[in-house]
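Enquirer: Below: one structure in structure tokens.
Number of protein chains: 2
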Amino acid sequence: MTRAHASNPAPDILTLMAAYEGAPDDPAVCPIRDVLDRVAQKWTLLLMIQLSTGPKRFSALQRQVGDISKRMLTQSLRDLERDGLVSREVFPTKPPSVEYALTDLGRSSLEPIAVLTQWADNNHDRIRQARVAFDG
Amino acid sequence: MTRAHASNPAPDILTLMAAYEGAPDDPAVCPIRDVLDRVAQKWTLLLMIQLSTGPKRFSALQRQVGDISKRMLTQSLRDLERDGLVSREVFPTKPPSVEYALTDLGRSSLEPIAVLTQWADNNHDRIRQARVAFDG
DNA sequence: CAGCATCCGTTATGATACTG
DNA sequence: CAGTATCATAACGGATGCTG
């Protein structure tokens, strides 16, 4: 019950952070680096957001994300699938269609993604202002 | 039964996500991409975590992060400074010392970072298991 | 339709040497 | 100490053509 990571930014965050101060840089050992390596990829988060509204087919994803190449779309989806965040189901139609969806694990990642998204949205202006000030 | 995403983590998350479904991919316009471009950098998040426990000097950061080169450390700190997340103070000692610290904006970013970190920590095992299963 | 293979330019990052 | 400059390389990512 007291798993309140809902809204306590203050004290325990630093504690948590401190635990990673000396974290190894090897992604195989450090969860931060490991997850980041995925989050950091250019398209994966966008794909997660697309899939947050429901299963989508390969071509639908490509259309909606906009300017992603088939190459990168395939690769990103494979990475997400490999990490267990996205499931892939092939329908033996002709021509075949493939549907991608979030797994339970994938859905659980929407919360941290949403928090990040919200922060980004709330502070984008500040960041841009800081850049202007810095560049000037 | 359809594999509808039955269990929503939180109702408003999907709403928020939906708002970014058609988000432009241009970082100058899309906050998600813009923030991600920073989060995605190999070292910035690690540096933020290092600085979460207090101001640190250039050499201290290099030592604690571990295997970051001076080149990347300088560049990453500059980027963070430009975005207004980190402040830089030069002390005119000889030889000079420079201290880096989080700004208010930088501190506010610790919450989303912490949420992400927690998720990473909680689910790292699952991800690794998924990878083993996928590769096998 | 979905996705793999190939080629190729761009960017990210490391190693090293040098400076105020 | 805290960088900067330069070079070299590896990873990233787009374009294209081919296939079941």
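Residue numbers (our numbering), protein chains in the order written: chain V, 1178 to 1313; chain C, 1178 to 1313.
We treat Cβ as the ideally placed atom computed from N, Cα and C, and that holds for glycine.
Quick check: V:GLY1261 and C:GLN1295, are their CB atoms within less than 9 Å of each other?
Expert: Position 84 of the first sequence, counted from the start, is the residue given in the question as residue 1261 of chain V. Position 118 of the second sequence, counted from the start, is the residue given in the question as residue 1295 of chain C. Contact: no.
Enquirer: Could you please give the first and the last residue of the uninterrupted beta strand (DSSP E) stretch that includes V:LEU1262?
Expert: Within the first sequence, the letter at position 85 stands for residue 1262 of chain V. Here V:LEU1262 belongs to no beta strand (DSSP E), and DSSP marks it neither H nor E.
Enquirer: Are the Cβ atoms of C:LEU1228 and C:VAL1263 separated by less than 9 Å?
Expert: By 1-based counting over the second sequence, the position of residue 1228 of chain C is 51. By 1-based counting over the second sequence, the position of residue 1263 of chain C is 86. Against a cut-off of 9 Å, the Cβ pair of C:VAL1263 and C:LEU1228 comes out as a contact.
Enquirer: When you compare each of C:ILE1245, C:ARG1234, C:ASP1211 to C:PHE1268 by their alpha carbons, which one comes out closest?
Expert: The sequence position of residue 1268 of chain C within the second sequence is 91, counting from 1. Among C:ILE1245, C:ARG1234, C:ASP1211, the Cα nearest to that of C:PHE1268 is on C:ARG1234.
Enquirer: Step through the CB atoms of chain C and report whether any lies within less than 9 Å of the CB of V:ALA1237.
Expert: One-based indexing of the first sequence puts residue 1237 of chain V at position 60. With 9 Å as the cut-off, V:ALA1237 does not count as an interface residue toward chain C.
Enquirer: How about C:THR1251: is its C-beta nearer than 9 Å to some C-beta of chain V?
Expert: One-based indexing of the second sequence puts residue 1251 of chain C at position 74. No, C:THR1251 lies away from the interface with chain V (no Cβ there is under 9 Å from its Cβ).
Enquirer: Is the number of C-beta pairs between the segment 1214 to 1222 of chain V and the segment 1243 to 1252 of chain V that are closer than 8 Å three or more?
Expert: Yes: the two stretches touch, three or more of their Cβ pairs being nearer than 8 Å.
Enquirer: Only counting the same chain, and skipping five residues up and downstream in sequence, which positions put a Cβ closer than 7 Å to that of V:ILE1245?
Expert: Here the question's residue 1245 of chain V lines up with position 68 in the first sequence. Excluding positions up to five away in sequence, the list reads TRP1220, GLN1239.
Enquirer: Beta-carbon within less than 7 Å of V:ARG1180's beta-carbon, same chain only, minus the 5 sequence neighbours each way: which residues are those?
Expert: For the purposes of this step, residue 1180 of chain V is identified with residue 3 of the first sequence, where counting begins at 1. With a pLDDT of 41 at V:ARG1180, under the threshold of 50, the predicted position of this residue should be treated as unreliable, though the coordinate-derived value follows. For V:ARG1180, where only same-chain residues beyond five positions count, there are no Cβ hits under 7 Å.
Enquirer: What do you get for C:ALA1291, buried or exposed, if any count of 16 or more other CB atoms within 10 angstroms of its CB means buried?
Expert: Within the second sequence, residue 1291 of chain C is the residue found at index 114, counting from 1. It is buried - the Cβ of C:ALA1291 has at least 16 other Cβ atoms within 10 Å.
Enquirer: With burial defined as no fewer than 16 other Cβ atoms inside 10 Å of the residue's Cβ, what is the status of V:ALA1297: buried or exposed?
Expert: Residue mapping note: residue 1297 of chain V aligns to position 120 of the first sequence, counting from 1. The residue is buried, with at least 16 neighbouring Cβ atoms inside 10 Å.
Enquirer: I believe C:ALA1278 touches V:THR1230 by the beta-carbon criterion, under 8 Å. Please report the beta-carbon distance rounded to the nearest angstrom.
Expert: Residue mapping note: residue 1278 of chain C aligns to position 101 of the second sequence, counting from 1. Residue mapping note: residue 1230 of chain V aligns to position 53 of the first sequence, counting from 1. C:ALA1278 to V:THR1230, Cβ: 40 Å. No contact.
Enquirer: Are the beta-carbon atoms belonging to C:TYR1197 and V:ILE1304 less than 9 Å from one another?
Expert: In the second sequence, residue 1197 of chain C corresponds to position 20, counting from 1. In the first sequence, residue 1304 of chain V corresponds to position 127, counting from 1. No, the pair does not count as a contact, with Cβ atoms beyond the cut-off.
Enquirer: With 16 as the cutoff for other CB atoms within 10 Å, does V:GLU1266 come out buried or exposed?
Expert: For this step, residue 1266 of chain V is matched to residue 89 along the first sequence. So V:GLU1266 ends up on the exposed side.
Enquirer: By Cβ distance, which residues of its chain are closer than 7 Å to V:ASP1253, with the 5 residues on each side in sequence left out?
Expert: The residue given as residue 1253 of chain V occupies position 76 in the first sequence. One detail in the question is off: residue 1253 of chain V reads as Ser in this sequence, not Asp. Here the set comprises GLN1218, TRP1220, THR1221, LEU1224.
Enquirer: By the three-class DSSP mapping on this structure, what secondary structure does V:LYS1233 have?
Expert: Here residue 1233 of chain V corresponds to residue number 56 of the first sequence, with the count starting at 1. In this structure, V:LYS1233 counts as strand in the three-state DSSP scheme.
Enquirer: Chain V partners of C:ARG1308, CB-CB under 9 Å?
Expert: Along the second sequence, read from residue 1 onward, the residue named residue 1308 of chain C stands at position 131. Simply ARG1259, ASP1260, GLY1261.
Enquirer: At the 9 Å Cβ level, is C:LEU1222 part of the contact set with chain V, yes or no?
Expert: Counting from 1 along the second sequence, the entry for residue 1222 of chain C is found at position 45. Chain V contact via Cβ: present.
Enquirer: Count the other CB atoms within 10 Å of the CB of C:SER1286; is the residue buried (16 or more) or exposed (fewer)?
Expert: Residue numbering aside, residue 1286 of chain C sits at position 109 when the second sequence is read from its first letter. Flag for C:SER1286 reads buried.
Enquirer: Closer than 7 Å by beta-carbon distance: list the chain V residues that pair up with C:GLU1324, in chain order.
Expert: In the structure displayed, chain C extends from 1178 to 1313; residue 1324 of chain C sits before or after that span and is not available.
Enquirer: Could you list which residues in chain V have their beta carbon closer than 8 Å to that of C:SER1286, in chain order?
Expert: In the second sequence, counting from the first residue as 1, residue 1286 of chain C sits at position 109. Residues of chain V passing the Cβ test: TRP1296, ASN1300.
Enquirer: Could you tell me which residues DSSP puts in a beta bridge with C:VAL1275?
Expert: Position 98 of the second sequence holds residue 1275 of chain C. C:VAL1267.
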